[in-house]
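Step one of this worksheet: look at the structure below.
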Amino acid sequence: MNEAEQDDFRRFIKARLAELDEEDVRGAAGKATVELDQQSVGRLSRMDALQNQAMAKATDARRAGERARLTAALVRIDEGEYGYCEDCGEEIATGRLKLDPAATRCVDCARG
617 MNEAEQDDFR
627 RFIKARLAEL
637 DEEDVRGAAG
647 KATVELDQQS
657 VGRLSRMDAL
667 QNQAMAKATD
677 ARRAGERARL
687 TAALVRIDEG
697 EYGYCEDCGE
707 EIATGRLKLD
717 PAATRCVDCA
727 RG
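Here the sequence shown is numbered in the numbering used here, starting from 617 and rising by one per residue.
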């Protein structure tokens, strides 16, 4: 992979990290503590609110995992290790990296 391609991936990864930050801001309200005031909300509404809160927390955890993988990919770019399989050392196909820029293994090694 040449330097221009690495720069393209770096820009793409940074843009995705910025999107994740925006998603965090939009999703912050969904993780808020659910009020269990019997007078203001019915039982089913509270259950819905608790379920929505759980889904918001799960989505936040997914974003955190993706953020960690993308940050690690940026480190690999800076260290000159980006685009190489961590198992066999072969170059990871550019198409695979376009689908998942945080991929650390080639298709053969990912299959097992």
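For each residue, glycine too, the CB sits at the ideal point set by N, CA and C.
Can you check which of these residues, A726, T720 and E635, is closest to D676 by C-alpha distance?
E635
Top-ranked residue by Cα proximity to R626, from L666, V691, D703 and G705:
V691
Keeping to the same chain, check which residues put their C-beta closer than 7 Å to that of G643; ignore five residues upstream and five downstream.
A672, T675 and D676
Among residues of its own chain, excluding the 5 on either side of E707, which ones have a beta-carbon nearer than 8 Å to its beta-carbon?
M617, G699, Y700, C701 and C722
Could you give the distance in angstroms between the alpha-carbon of D703 and the alpha-carbon of A719?
Using only the alpha carbons, I get a separation of about 12 Å.
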